[in-house]
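2 protein chains.
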Amino acid sequence: MTETMQRIVLASRPDAKPEPANFRLEEVPMPIPGEGEFLARTIWLSLDPYMRGRMSAAKSYAKPVEIGETMTAQVVAEVVASHHPDYAPGDIVIAPFGWASHGISDGTMIEKIDGDAAPLSAYLGVLGMPGTTAWVGLNDIAAAQPGETIVVSAATGAVGSLVGQLAKLKGMRVIGVAGGAEKCAYAVEELGFDTCLDHRALDKAELTEAIAKAAPDGVHVYFENVGGKTLEATLPNMRDFGRIAICGMIAWYSGADNPAPAPVVWGAILRQKLRVQGFIVFDHWNRRPAFLEEVAPLVKAGKITFRETVEDGLQNAPAAFLRLLEGGNFGKQLVRVGADPA
Amino acid sequence: MTETMQRIVLASRPDAKPEPANFRLEEVPMPIPGEGEFLARTIWLSLDPYMRGRMSAAKSYAKPVEIGETMTAQVVAEVVASHHPDYAPGDIVIAPFGWASHGISDGTMIEKIDGDAAPLSAYLGVLGMPGTTAWVGLNDIAAAQPGETIVVSAATGAVGSLVGQLAKLKGMRVIGVAGGAEKCAYAVEELGFDTCLDHRALDKAELTEAIAKAAPDGVHVYFENVGGKTLEATLPNMRDFGRIAICGMIAWYSGADNPAPAPVVWGAILRQKLRVQGFIVFDHWNRRPAFLEEVAPLVKAGKITFRETVEDGLQNAPAAFLRLLEGGNFGKQLVRVGADPA
Chain A
1 MTETMQRIVL ASRPDAKPEP ANFRLEEVPM PIPGEGEFLA RTIWLSLDPY
51 MRGRMSAAKS YAKPVEIGET MTAQVVAEVV ASHHPDYAPG DIVIAPFGWA
101 SHGISDGTMI EKIDGDAAPL SAYLGVLGMP GTTAWVGLND IAAAQPGETI
151 VVSAATGAVG SLVGQLAKLK GMRVIGVAGG AEKCAYAVEE LGFDTCLDHR
201 ALDKAELTEA IAKAAPDGVH VYFENVGGKT LEATLPNMRD FGRIAICGMI
251 AWYSGADNPA PAPVVWGAIL RQKLRVQGFI VFDHWNRRPA FLEEVAPLVK
301 AGKITFRETV EDGLQNAPAA FLRLLEGGNF GKQLVRVGAD PA
Chain B
1 MTETMQRIVL ASRPDAKPEP ANFRLEEVPM PIPGEGEFLA RTIWLSLDPY
51 MRGRMSAAKS YAKPVEIGET MTAQVVAEVV ASHHPDYAPG DIVIAPFGWA
101 SHGISDGTMI EKIDGDAAPL SAYLGVLGMP GTTAWVGLND IAAAQPGETI
151 VVSAATGAVG SLVGQLAKLK GMRVIGVAGG AEKCAYAVEE LGFDTCLDHR
201 ALDKAELTEA IAKAAPDGVH VYFENVGGKT LEATLPNMRD FGRIAICGMI
251 AWYSGADNPA PAPVVWGAIL RQKLRVQGFI VFDHWNRRPA FLEEVAPLVK
301 AGKITFRETV EDGLQNAPAA FLRLLEGGNF GKQLVRVGAD PA
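First to last, the sequence lines map onto chains A and B. Each residue of the first sequence is one higher than the one before, counting from 1 in the numbering used here. Each residue of the second sequence is one higher than the one before, counting from 1 in the numbering used here.
Following this line, the structure appears as C-alpha cells:
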C-alpha cells in the first residue's frame, strides 16, 4: 500500500463565474523529500479572492494556474520529515503548497513561525498575507495620515477589517462598506469603524449620498477591494489629491455588473488630481518584518480583532471558495485540512 | 465717443461637441484701472484643450465659466496705463484676461516677462503653461528616468511636443502618438522622437501592436493627453510598476468615442501595479522657476523646437478653438489679438 496525499487541481477555466466543475480533487502518491528538502502536512489552507485571477489565462500578477495544476494557496503546515538542516519535524511553517494536504520544499518561500505567539490560523489572516496587504496598502501605497478620512470596501473581509482597525489606531475617520446589515454591525461594534454602509441595501446614488454624509469634508483615502458600485459611489466623494490603493476588484473579477465607462474613472483621476496605485503585497514582502513588529503585539494584546470562517476538509475548498467570491464568508476564509500539532 | 474693448463670452453650454453658437462676441466699455491697478492690451491669446472643461457645469479643476462670462485664457499683454507701482506702460505680462482684447489687474496671477529673451508667443506655449505642464508631468508626476521608454499622446501638441523633446534630452526612448502622417513626420524629423504612430491610420488592435513593436521591453511612462483609443492601446503595453501622468483626455471631453468599460483600466492598474496620477499645472506653479531655469536656455539655444498655429483676430477664436478640439491645429494654438509692442 502506497501512502497518498490529496490535492485540488484546476480542471477547466471558468467562462465567467467559477463553478464546482472547474475544480477536481485528486489522490496522488505522497511526495518523498530529497536531500535538502522537507515534507510537511497542511493544517490550515487560506482562500483568498486573488485566486480567481489565477484561474484565468489572462495576464495577471503572476502566471495563471495551468489546467491540471494544483490551485495556488498559502498554507500553515507542520514539518513531518526533513532532510533540510534548518527544518525539523514539528516545526510550523507558512508554505505555498496550494490546495493540498501535503507538500515538499527546499525552503524557498518558506516562513517559519512561532506556534505559541498566536493561533496558527492567524498567520494566514491578520498576521499573514492579508494582514501584510492591509498594512502595506494603508501605509506605503496610500500614505494614510492621522486625521484623514478613509473609505474601506469589503470592510469585514480579511484585508478590509485590518485596514479599518489600523486606520482607527492611527487616528483616522473610518467609513466601511460591506454587504449586509450583520457585517455592517460587526464593523462598527466589533471592529470600531466610525460607520459602515450596506451596499446591498443602497443603490449607487444612495451609496454616493451616504458616503457624502459620512464624510462631509470628503474622502482622503480609498482602500479599494471591490470595484463596481462601491468604487463609483466613492469616486465623486474623493477630495482633491486623494489617494486610492487598489488591492482588488472582486465585483469585477467575473465580468460585467454593468460597469461605468472608463472615462468616468479616468476623468475623476484627472479632475480631482487623484493618485491611484495598484499593488500586490508580494512586491513589498521586505516590509513584512516591520509589519510583524508593529501588528503582532497588537494582536497579542487584543487590540486587533479578527474573525474567521472555517470550512472543514480539503474536499470542501471549492465550495468555500465559490461562496467567498459571492461574499458569503465573514472575516478570513480558511479550510481546516489537518489536525493541530500534538 | 466711449472707448470700447472686445471679449468673447460663453453664450450657452454645449450638449456634447461645442459649436459656434456657444460663444458670443461682445463690445463693452473699456475698463478704467483704479488705484493699484493697471490696464493692458492683449497681444497673444492662448487656446488650450482644458477650456473645453470650463464650458461645462460639471465639477472640474476650477469653477466652470458662467453663462455670459468671458471665456478663460492666459494672454500675453502690454501694459498701456498703470496706477500700480510695479507695472509701467510698455511692460509685457502674462495675464489671465481670458478671450478679451484688454484687461485690468491688481497684479494677482500676473507674471512679468522679459520680452527680449524669447518670442512673446513662446510664453504661452513652450515657456508658458503648456511647457510647465510638460516639465512637471514628466519630472514630478511621472518621475521619468533616463533609459526608460515613454509614450506621448497628442505628440505634436503644445504639451506633448515638449514632453517628447525633454524626454529625449533626458536619454529616454520616445514613442509619439499623433493624428495624421504629417504630424508623425514632424514628430520624428523635427522633434527627434524615436518613432511616431498615426492613430488615424490604425485601429485599436493595430495601434496596440505597433506600440508593442516600438517598445519591445514595454512602456515605463505614459504621458496621457487624450484617453480613448490611444490609452486603450498603451495600457496593455505598460510595464509592471509603470507610471501614467494624466494631463488631459481630449478624446473623451465631449462624450462617447465608444469607450472601454471601467474595469479595463482599473484592472490594468491593479494587475500591472501601475501608479496613475492626475494633475493640473497650477497646483505645481511653485516649480515654475526651476522649469524656466532649465528650459528657457534650451529654447534660446535652439535645442527645443516649437511650432505654432496662429489665428488672426479675437473674433476668430471660437472657430480656432473648435478646430483645436478636433486636432486641426499643429503645435501651440494662438490667436493674435493685437500688434507687437512698438
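We put the beta carbon where it would ideally sit given N, CA and C, even for glycine.
Query                                                                                                                                                                                      : Result
Go to residue 336 of chain A, then tell me how far its beta strand (DSSP E) extends in each direction, as first and last residue.                                                          : 332 to 336
How is the alpha helix (DSSP H) around residue 307 of chain A delimited, first residue to last?                                                                                            : Careful: residue 307 of chain A lies outside any alpha helix (DSSP H) and carries neither H nor E.
Nearest to residue 247 of chain B by alpha carbon, out of B:231, B:302, B:83, B:318?                                                                                                       : B:231
Report the rounded CA-to-CA distance for residue 156 of chain A versus residue 55 of chain A, giving the unit in angstroms.                                                                : 25 Å
Pull out every residue of the region 263 to 282 of chain A whose Cβ sits closer than 9 Å to any Cβ of chain B, in chain order.                                                             : 263, 264, 265, 266, 267, 268, 269, 270, 271, 272, 273, 274, 275, 276, 277, 278, 279, 280
Does the beta-carbon distance from residue 366 of chain A to residue 210 of chain A come in below 8 Å?                                                                                     : Given a span of 1 to 342 for chain A in the structure shown, any question on residue 366 of chain A remains unanswerable.
Are the C-beta atoms of residue 211 of chain A and some chain B residue less than 8 Å apart?                                                                                               : no
Just the C-alpha distance for residue 288 of chain B and residue 96 of chain A, rounded to the nearest angstrom, thanks.                                                                   : 51 Å
Is residue 108 of chain B helix, strand or coil when you go by DSSP?                                                                                                                       : coil
Using beta carbons (cut-off 8 Å, strictly below), is residue 246 of chain A in contact with chain B?                                                                                       : yes
At 3 residues or longer, what runs of the beta strand (DSSP E) sit wholly inside the region 216 to 243 of chain B?                                                                         : 219 to 224
Please say whether residue 125 of chain B and residue 330 of chain B have beta carbons closer to each other than 8 Å?                                                                      : no
Helix, strand or coil: which one does DSSP assign to residue 4 of chain A?                                                                                                                 : strand
How would you call residue 88 of chain B, buried or exposed, if buried means at least 16 neighbouring beta carbons within 10 angstroms?                                                    : exposed
Within the same chain, show all residues whose beta-carbon is closer than 6 Å to that of residue 279 of chain A, passing over the 5 residues directly before and after it, in chain order. : 141
Are there 16 or more other CB atoms within 10 angstroms of the CB of residue 200 of chain A, so buried, or fewer, so exposed?                                                              : exposed
What residue does the alpha helix (DSSP H) around residue 321 of chain A start on, and which one ends it?                                                                                  : 317 to 325
Can you tell me which of the three DSSP states residue 261 of chain A falls into?                                                                                                          : strand
Should the region 27 to 36 of chain A be regarded as contacting the region 321 to 339 of chain A, the criterion being three or more beta carbon pairs within less than 8 Å?                : no
Quick one: does residue 130 of chain A have its CB under 8 Å from some CB of chain B?                                                                                                      : no
Against chain A, with Cβ distances strictly below 8 Å, would residue 135 of chain B count as a contact?                                                                                    : no
So, residue 51 of chain B versus residue 16 of chain B, is the Cβ gap smaller than 8 Å?                                                                                                    : no
Report all residues from its chain with a CB closer than 8 Å to the CB of residue 118 of chain B; omit the five preceding and five following residues, and keep chain order.               : 127, 296, 299, 300
Where does residue 169 of chain A fall in DSSP's three states?                                                                                                                             : helix
Who does residue 42 of chain A pair with in a DSSP beta bridge?                                                                                                                            : A:77
Would you report the Cα separation of residue 1 of chain B and residue 30 of chain B, rounded to the nearest angstrom?                                                                     : With a pLDDT of 47 at residue 1 of chain B, under the threshold of 50, the modelled position of this residue cannot be trusted, and the question is left open.
Establish whether the CB of residue 261 of chain B and some CB of chain A are separated by less than 8 Å.                                                                                  : yes
If you measure between the beta carbons of residue 313 of chain B and residue 43 of chain B, is that distance less than 8 Å?                                                               : no
Along chain B, in chain order, which residues have C-beta atoms closer than 7 Å to that of residue 51 of chain A?                                                                          : Those within 7 Å of residue 51 of chain A in chain B number zero; the least Cβ separation is about 14 Å.
On the criterion of 16 or more Cβ atoms from any shown chain inside 10 Å, does residue 137 of chain A qualify as buried, or is it exposed?                                                 : buried
Can you tell me whether residue 224 of chain A is buried or exposed? The criterion is at least 16 other CB atoms within 10 Å of its CB, across all chains shown.                           : buried
Suppose only complete runs of 4+ residues qualify. What are the alpha helix (DSSP H) ranges in the region 97 to 157 of chain B, listed by chain order?                                     : 129 to 136
Compare the C-beta of residue 34 of chain B with all C-beta atoms of chain A and state if any pair is closer than 8 Å.                                                                     : no
Out of B:208, B:244, B:245, which has the shortest C-alpha to C-alpha gap to residue 229 of chain B?                                                                                       : B:208
Rounded to a whole number of angstroms, what is the C-alpha to C-alpha distance between residue 198 of chain A and residue 181 of chain A?                                                 : 6 Å
Return yes when the Cβ of residue 221 of chain B is within less than 8 Å of the Cβ of residue 234 of chain B, no when it is not.                                                           : no
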